[in-house]
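J.: Okay, so the sequence shown: first residue is 1 according to the working numbering, each after it adds one. By construction, the Cβ of each residue, glycine as well, lies at the ideal position given by its N, Cα and C atoms. As the structure is a computational prediction, the values presented were derived from the model and not from experiment. Following this message is one structure expressed as structure tokens.
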Amino acid sequence: MNTELTFLLSLSCVLPLVVYLFTSQRADRRYLPLIFVFLFAFLVETSVYLNMKYFHVKGGMYWMYTFGLLVWPGFYLRFFRYMDVIRSRKSAEIIFVSFLVLIFCNWFFLYKKEGFFNFFRMGIAYASIILFFYVNLFSRQILSENRDLLRSPLFYIGLAGVSFHAFYIFTGTITLLKLSDGGFMNAVQDIMKWVNAISYLIFAIGILWIPQTKTSIKSS
């Protein structure tokens with residue numbers, strides 16, 4: 001898959017942002033941390049593309065994606081707190097600080113030996129944490145009896161979040177194994193890009209169904 005198509009697919013993270021622009025005047029503000037996740041994803045993907053295309057800063061892709069890993073968990077954990085998936089602020093803070101320590105240790109001890117592959121270990125850890133909470137969020141929507149799932153923003157958001165992060169863990173693990181079959185590796189990476197684009201489309205549908213007030217939504 002060429003660079004331009006890869007970039008266009010990565011820009012699918014802008015879809016939820018565009019939808020939110022049309023619903024922001026009435027949208028429940030508890031969803032705002034999730035919107036910031038998409039915003040920073042857009043900034044990171046754009047920066048990576050510009051660096052590859054024009055600036056060619058050595059290690060730029062690694063540091064830009066690592067920056068994303070430093071930012072995204074904070075917004076995600078706040079979002080999950082607002083949705084009552086995480087019950088206490090202290091729990092969210094412990095998870096966030098522990099993850100930052102893991103990132104630092106991974107970079108300090110292994111980056112010089114592994115180079116860019118070092119990122120995937122951090123990415124898998126991040127995706128595993130977020131996937132755990134997304135599974136919780138999604139399962140609660142499925143098990144809820146008093147809910148029209150097709151009109152539930154959390155149903156779509158949970159579905160997209162589970163799909164996105166589960167497939168990332170799969171592709172990241174394969175990448176860390178450094179399989180010798182380059183064709184298979186490239187095919188998996190291409191599939192991941194399409195899965196990501198479809199997931200962002202589902203996220204956008206979920207954003208479209210965000211209710212107007214806090215009292216109009218129940219997360220459990």
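Within 10 angstroms of the Cβ of residue 218, are there 16 or more other Cβ atoms? Answer buried if so, exposed if not.
T.: Low confidence applies to residue 218: its pLDDT is 42, below 50, so where it sits in the model is not reliable, and the reading given next is rough at best. That one is exposed.
J.: Taking Cβ to Cβ, would you say residue 156 is nearer than 7 Å to residue 206?
T.: The answer is yes: Cβ separation under 7 Å.
J.: Helix, strand or coil: which one does DSSP assign to residue 32?
T.: Helix at residue 32.
J.: With H, G and I counted as helix, E and B as strand and the rest as coil, what does DSSP make of residue 14?
T.: Correct three-state label for residue 14: helix.
J.: Is the CB-CB distance between residue 166 and residue 203 below 7 Å?
T.: No; because the gap between Cβ atoms is not below 7 Å, this pair is not in contact.
J.: Between residue 54 and residue 60, what straight-line distance do the alpha-carbon atoms span, to the nearest angstrom?
T.: So the two alpha carbons sit approximately 12 Å from each other.
J.: Spatial neighbours of residue 126 within its chain, please: C-beta separation below 8 Å, excluding the five flanking residues on both sides.
T.: Excluding residues within five positions, the ones whose Cβ falls inside 8 Å are 69, 72, 73, 99.
J.: Need the endpoints of the alpha helix (DSSP H) that residue 124 sits in, please.
T.: Looking at the DSSP string, the run of the alpha helix (DSSP H) that includes residue 124 is 118-143.
J.: State yes or no: is the C-beta of residue 101 within less than 7 Å of the C-beta of residue 135?
T.: Not in contact: residue 101 and residue 135 (Cβ atoms no closer than 7 Å).
J.: So, at 6 Å on beta carbons, what are the nonlocal neighbours of residue 27 in its own chain, with the 5 sequence-adjacent residues on each side left out?
T.: Same-chain partners within the cutoff: 210.
J.: Go through its chain and collect everything with a Cβ distance to residue 222's Cβ below 6 Å, but skip five positions before and after it.
T.: It is not possible to answer for residue 222, since the shown part of the chain is limited to 1 through 220.
J.: Roughly how many angstroms lie between the CA atoms of residue 124 and residue 67, to the nearest whole one?
T.: Each residue's alpha carbon lies about 15 Å from the other.
J.: Are the segment 90-99 and the segment 109-116 in contact at 8 Å, needing three or more beta carbon pairs?
T.: Short answer: they don't touch.
J.: Pop quiz: residue 82 and residue 140 are said to be a contact at Cβ under 8 Å. What is the actual Cβ separation, rounded to whole angstroms?
T.: With a Cβ gap of about 14 Å, residue 82 and residue 140 do not count as contacting.
J.: Measuring straight from C-alpha to C-alpha, what distance separates residue 46 and residue 14?
T.: Using only the alpha carbons, I get a separation of about 11 Å.
J.: What number of angstroms, rounded off, separates the C-alpha of residue 19 from the C-alpha of residue 10?
T.: One C-alpha to the other measures close to 17 Å.
J.: Whose CA, out of 87, 173, 170, 106, lies closest to the CA of residue 133?
T.: For the residues 87, 173, 170, 106, the minimum Cα distance to residue 133 belongs to 87.
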